[in-house]
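See structure below.
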Amino acid sequence: MAVTLRDVARAADVSVATASRALAGSSLINHVTQRHVVQVAAALGYRTNTFARALKTKSSRLVGLTVHNLDNASFQVLASVVQARVQAAGYQVILSISGDDAAQEKEILRTLVDHGVDGLIAVPTGANGAQLLAMEHAEIPVICAVRRVEGASLESVLAGDLDGAYNGTRHLLGLGHRRIGLIVGPGETTSGKERLAGYRRALQEAGLPIDPALVQTGRYLPATGVAAANALLSLPEPPTALFVANHESSVGVLRVIAERGISVPQDLSLLFYEDSPWFEWQRPAISVVDSGAAEMANLAVDRLMQRLGGVANSGREYRVGSRLIERASCLNLSNP
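Structure follows, in structure tokens:
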């Protein structure tokens, strides 16, 4: 049988009300009594009934976090930072994986509401804006990270993807590359659309035509990288550099390069988007445009804590800057 609050009160020789206040850290209970009750509860193995407490206090101290997967290094960082920060603030995290699937995300959101989460940080699919707005209207603050939901007035913390892709492409142009292949996410996603726009802008400013054959789009999967890299490297005039702005596709690209016996950077320069610890350990170490996942996570938590503290939804969009990390995977054609 589970130990109840009444069992704790009886063993501590106090009333149920006093035991409840002591375990809740109420200032109405003196420190000696509170310490005594806490010790008795620990000895008995008592655990707070979260759902009962939520019904009484209207606060579960639970925060939802949804991401597409945990293969993406940025999502790993997001989950790690959010969990550490919200736990330090006295909350626990319910982590859910949507698989970038709208139907699965819809079910996850329903479950989080059923569990009475106090707030949510979501990497949204973009298809369930009405459901996320319904949570807002039910006074469950929602902060979107990495992607926005078009047409929904939700606070969003995003990477500077347009500038990141622009600066990454300019870096390759500055090294003398003129045929730059791009592997990017779907155009209906925030990151896919903005990274493609940054690439196009850099080429246009350099006076170069936009060659549709050099642009490959697809879902955030390793298989996308395999198909895209094979298509680009099979062109009659293949690119001298690949800008892989679809993080999950990076693994597939590396597989194709290995299978084709291509030497990096002598035969092909590589620039990836979103850093990962093993990119630095790869030989040659791979240059990246880092999207600032830790900064996005910290800002998302800052906004959520403020919302939980009573600050109204501003519907604002916040941006975190990207940075280029140069390693050894890009060859300078201007200075062989």
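My numbering puts the first residue of the sequence shown at 25, with every later residue one more than the last.
Yeah, the Cβ is synthetic: ideal placement off N, Cα and C, and Gly gets one too.
Checklist line | Among Thr149, Asp291, Ala162, nearest to histidine 92 - alpha-carbon criterion | finding: Numbered from its first residue, the sequence shown carries residue 92 at position 68. With distances taken between Cα atoms, histidine 92 lies closest to Thr149.
Notebook entry, point to check: So does the region 164 to 175 actually touch the region 309 to 329, counting three or more Cβ pairs closer than 8 Å?
Noted result: yes
Note to self: Please report the distance separating the alpha-carbon of leucine 199 from that of proline 289.
What the structure shows: Counted from its first residue, the sequence shown places residue 199 at position 175. Counted from its first residue, the sequence shown places residue 289 at position 265. Approximately 12 Å between the Cα atoms of the pair.
Check: Looking only at its own chain, which residues have a Cβ that is under 8 Å from the Cβ of valine 275, when we skip the five neighbours before and after it?
Finding: Start at 1 with the first residue of the sequence shown, and residue 275 comes out as number 251. Hits under 8 Å: Pro246, Gly249.
Note to self: For a minimum of 3 consecutive residues, which ranges assigned as the beta strand (DSSP E) are wholly contained in the region 58 to 138?
What the structure shows: 86 to 91, 116 to 121
Next item on the list: Assess, as a yes-or-no matter, whether the region 290 to 297 is touched by the region 181 to 200 under the definition of 3 or more beta carbon pairs within less than 8 Å.
Entry: yes
Next item on the list: With a 10 Å radius around its C-beta and 16 neighbouring C-beta atoms as the bar for buried, classify proline 14 as buried or exposed.
Entry: Since the displayed the chain opens at 25 and closes at 360, residue 14 lies outside it and no answer follows.
Check: Looking only at C-alpha atoms, which of Ala255, Arg45, Val181 sits nearest to leucine 206?
Finding: Sequence index remark: in the sequence shown, residue 206 carries index 182 (1-based). When each option's Cα is compared against that of leucine 206, the closest is Ala255.
Item checked: Span of the alpha helix (DSSP H) around alanine 169 -> Taking the sequence shown and counting its residues from 1, one reaches residue 169 at position 145. Taken as a continuous stretch (DSSP letters only), alanine 169 belongs to no alpha helix (DSSP H), being part of the beta strand (DSSP E) at 166 to 169.
Checklist line | According to DSSP, residues forming a beta bridge with aspartate 392 | finding: Outside the shown range of the chain, which is 25 to 360, sits residue 392, and nothing can be said about it.
Next item on the list: In angstroms with no decimal places, state the Cα-to-Cα distance between arginine 340 and alanine 146.
Entry: For this step, residue 340 is matched to residue 316 along the sequence shown. For this step, residue 146 is matched to residue 122 along the sequence shown. Rounded to the nearest angstrom, the two C-alpha atoms are 15 Å apart.
Check: Which residue from Gly222, Gln306, His201, Glu283 puts its Cα closest to that of proline 262?
Finding: Here residue 262 refers to the residue found at position 238 of the sequence shown. Ranking Gly222, Gln306, His201, Glu283 by Cα distance to proline 262 puts His201 first.
Next item on the list: Within 10 angstroms of the Cβ of aspartate 37, are there 16 or more other Cβ atoms? Answer buried if so, exposed if not.
Entry: As a working note, residue 37 is residue 13 in the sequence shown. So aspartate 37 ends up on the exposed side.
Checklist line | Coarse secondary structure for leucine 266, derived from DSSP in three states | finding: Indexing the sequence shown from 1 puts residue 266 at position 242. If DSSP states are grouped into helix, strand and coil, leucine 266 belongs with the strands.
Next item on the list: Specify the secondary structure class of alanine 162 as computed by DSSP and reduced to three states.
Entry: Counting from one through the sequence shown, the residue named residue 162 turns up at place 138. The answer is coil: DSSP assigns alanine 162 none of H, G, I, E or B.
Next item on the list: Please list the segments of the beta strand (DSSP E) lying wholly inside the region 199 to 227, counting only runs of 3 or more residues, in order along the chain.
Entry: 204 to 208
Notebook entry, point to check: If you draw a straight line from the C-alpha of serine 287 to the C-alpha of isoleucine 281, how long is it?
Noted result: Taking the first residue of the sequence shown as 1, we reach residue 287 at position 263. Taking the first residue of the sequence shown as 1, we reach residue 281 at position 257. Near 8 Å, if we compare the C-alpha coordinates of isoleucine 281 and serine 287.
Margin query: Spatial neighbours of leucine 79 within its chain, please: C-beta separation below 7 Å, excluding the five flanking residues on both sides.
Written below: Taking the sequence shown and counting its residues from 1, the one referred to as residue 79 is at position 55. At leucine 79, the pLDDT of 47 sits below 50, so the modelled position is not reliable and the matter cannot be decided from this model.
Next item on the list: Would you mind giving the Cβ-Cβ distance between arginine 343 and leucine 220, rounded to the nearest angstrom? I have them listed as a contact below 8 Å.
Entry: Taking the first residue of the sequence shown as 1, we reach residue 343 at position 319. Taking the first residue of the sequence shown as 1, we reach residue 220 at position 196. Not really, about 18 Å apart at Cβ, beyond 8 Å.
Check: Just checking my contact of valine 27 with leucine 68 at CB under 8 Å: how many whole Å lie between their CB atoms?
Finding: The residue given as residue 27 occupies position 3 in the sequence shown. The residue given as residue 68 occupies position 44 in the sequence shown. Confirmed, Cβ separation roughly 5 Å.
Check: Run through DSSP, which three-state label would valine 275 get?
Finding: The residue labelled residue 275 in the question sits at position 251 within the sequence shown. Of the three classes helix, strand and coil, the one that applies to valine 275 here is helix, per DSSP.
Check: When burial is assigned at 16 or more other CB atoms within 10 Å of the CB, is glycine 49 buried or exposed?
Finding: One-based indexing of the sequence shown puts residue 49 at position 25. The residue is exposed, with fewer than 16 neighbouring Cβ atoms inside 10 Å.
Check: Quick one: is the Cβ of asparagine 359 within less than 7 Å of any heavy atom of the ligand GDP?
Finding: This structure does not include the ligand GDP; it has no bound ligands of any sort.
Item checked: Among Thr90, Ala154, Val105, Ser98, nearest to aspartate 125 - alpha-carbon criterion -> For this step, residue 125 is matched to residue 101 along the sequence shown. Of the listed residues, the one whose Cα sits closest to aspartate 125 is Thr90.
Checklist line | Spatial distance of aspartate 187 from serine 346 (CA atoms) | finding: Counted from its first residue, the sequence shown places residue 187 at position 163. Counted from its first residue, the sequence shown places residue 346 at position 322. Spanning the two alpha carbons is a distance of roughly 7 Å.
Next item on the list: Measure the Cβ-Cβ separation of valine 325 and isoleucine 349 and say whether it is below 8 Å.
Entry: Your numbering for residue 325 matches position 301 in the sequence shown. Your numbering for residue 349 matches position 325 in the sequence shown. Contact: no.
Next item on the list: Specify, as a first and last residue, the run of the alpha helix (DSSP H) that serine 257 falls within.
Entry: The residue given as residue 257 occupies position 233 in the sequence shown. In the sequence on display, residue 257 carries leucine and not serine. Residues 246 to 257.
Margin query: If contacts are defined as beta-carbon pairs under 8 Å, then leucine 323 and glycine 143 qualify, I think. What distance do you get, rounded to the angstrom?
Written below: By 1-based counting over the sequence shown, the position of residue 323 is 299. By 1-based counting over the sequence shown, the position of residue 143 is 119. Their Cβ separation, rounded to whole angstroms, is 15 Å, which puts leucine 323 and glycine 143 out of contact at 8 Å.
Next item on the list: Would you decide whether aspartate 138 is buried or exposed? Buried here means 16 or more other CB atoms lie within 10 Å of its CB.
Entry: Counted from its first residue, the sequence shown places residue 138 at position 114. With fewer than 16 other Cβ atoms within 10 Å, it is exposed.
Next item on the list: State the beta-bridge partners of glutamate 341 as determined by DSSP.
Entry: If you number the sequence shown from 1, residue 341 lands on position 317. DSSP lists Ser180 as partners of glutamate 341.
Next item on the list: List the whole-angstrom C-beta distance separating leucine 156 from valine 166, where the pair is believed to meet the contact cut-off of C-beta under 8 Å.
Entry: Along the sequence shown, one-based indexing puts residue 156 at 132. Along the sequence shown, one-based indexing puts residue 166 at 142. Right, their Cβ atoms sit about 5 Å apart.
Notebook entry, point to check: Taking DSSP as the reference, what is the three-state secondary structure of glycine 143?
Noted result: As a first step, residue 143 is located in the sequence shown; it is residue number 119 there, counting from the start. Strand.
Next item on the list: Note down, in chain order, each residue of its chain lying with its Cβ closer than 7 Å to the Cβ of leucine 227, except the 5 sequence neighbours on either side.
Entry: Numbered from its first residue, the sequence shown carries residue 227 at position 203. Counting only Cβ-Cβ distances below 7 Å, and skipping sequence neighbours, we find Thr193, Ile234.
Note to self: Could you give the first and the last residue of the continuous beta strand (DSSP E) run that contains arginine 347?
What the structure shows: Your numbering for residue 347 matches position 323 in the sequence shown. 347 to 349 is the extent of the beta strand (DSSP E) around arginine 347.
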